[in-house]
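Note that the working numbering has the sequence shown beginning at 884, numbered continuously upward.
C-beta: ideal position from N, C-alpha, C; glycine also.
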Amino acid sequence: MYINTIPDWIQYFLKRYTWKGPSSEAQPKVYLTFDDGPHPEITPWVLEQLEHYSAKATFFCIGKNVIEYPDVYARLIQKGHRVGNHSHTHLKGKKTKDNLYLKDVEQAQQFINSNLFRPPYGSVKRSQAKQLSAKGFEIILWTLIPGDWDSTISPQKCLENIVFHLQPGHILVLHDSEKARVNMEYVLPRLLQHCKNKGWELAMLP
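Spelled out as structure tokens, the structure:
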């Protein structure tokens, strides 16, 4: 179960987390993020699409994937995108003891130099979040998650979940992973064109 668009009241109630990025009428920005990479084929394809539209994004990487595909990870940075920590083995915080969860995040941090952290599944205990914040991490969630990994959602429906709701300042989640490949590869170029038509900059998280 997941909510495509996070209501304002949830964002207000859980304001210790980052749900949106800065934007203005003069400089409208959308914050595109990718989770679960790097992937040896999908991530390079994503980079090509972003470069074609002069777009930037933030990639929340899994530590074990960074170890397996270091050249792809290095290319993310070389192309001027931002990276974030998405844990080492994609643990679900609310089902994991705090010490094991924090150890997993710290293991990924050995390979991912970033103060940004996105909990896998958006699942993190308050106690875990407090300890992560004390270590200097900013916990990044999202405004909009279209479900590109969900095989019950068609590519067209996935795109509609974005374009009918996306607004400047929103943080949008897609996935550079095998599970999301079909939907994401349909959505991404159309999303980039949509933002270009709107005059919205696709920016990295600050």
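Requested in this report: With distances taken Cα to Cα, identify the nearest neighbour of Leu1074 among Glu908, Tyr936, Ala909, Phe1020.
Outcome: Tyr936
Report task. Could you pull the start and end residues of the alpha helix (DSSP H) that Asn982 belongs to? Result -> 981 to 992
Requested in this report: Reducing DSSP to helix, strand and coil, say where Phe1020 ends up.
Outcome: coil
Requested in this report: Compare the Cα-Cα distances from Ile1054 to each of Lys1008, Leu1085, Pro953 and report the closest residue.
Outcome: Leu1085
Query raised in the report: So what's Asp918 in DSSP terms, helix, strand or just coil?
Result: Note: Asp918 maps to strand in three-state DSSP.
Query - Same chain, Cβ closer than 6 Å to Asn1044, neighbours up to 5 away in sequence not counted - result: Asn887, Pro1029
Report task. Under the assumption that Val949 contacts Pro927 (Cβ atoms under 8 Å), give the Cβ distance between them as a whole number of angstroms. Result -> At roughly 15 Å, the Cβ-Cβ gap does not stay under 8 Å, so Val949 and Pro927 are not in contact.
Query raised in the report: According to the Cβ coordinates, are His1058 and Asp1031 closer than 8 Å?
Result: yes
Query raised in the report: Nearest-angstrom Cα distance between Asn998 and Ser907?
Result: 25 Å
Report task. Would you mind sorting Ile957 into buried or exposed? The rule is 16 or more other CB atoms within 10 Å of its CB. Result -> As written in the sequence, residue 957 is Ala, which differs from the Ile given in the question. Under this definition Ala957 is an exposed residue.
Query raised in the report: Taking the DSSP output, what are the residues bridged to Thr972?
Result: Thr972 pairs with nothing; no bridge assigned.
Requested in this report: Could you tell me whether the stretch 968 to 977 touches the stretch 995 to 1015, where touching means 3 or more Cβ pairs closer than 8 Å?
Outcome: yes
Query raised in the report: Exposed or buried, which one is Thr1035 when buried takes at least 16 other CB atoms within 10 Å?
Result: exposed
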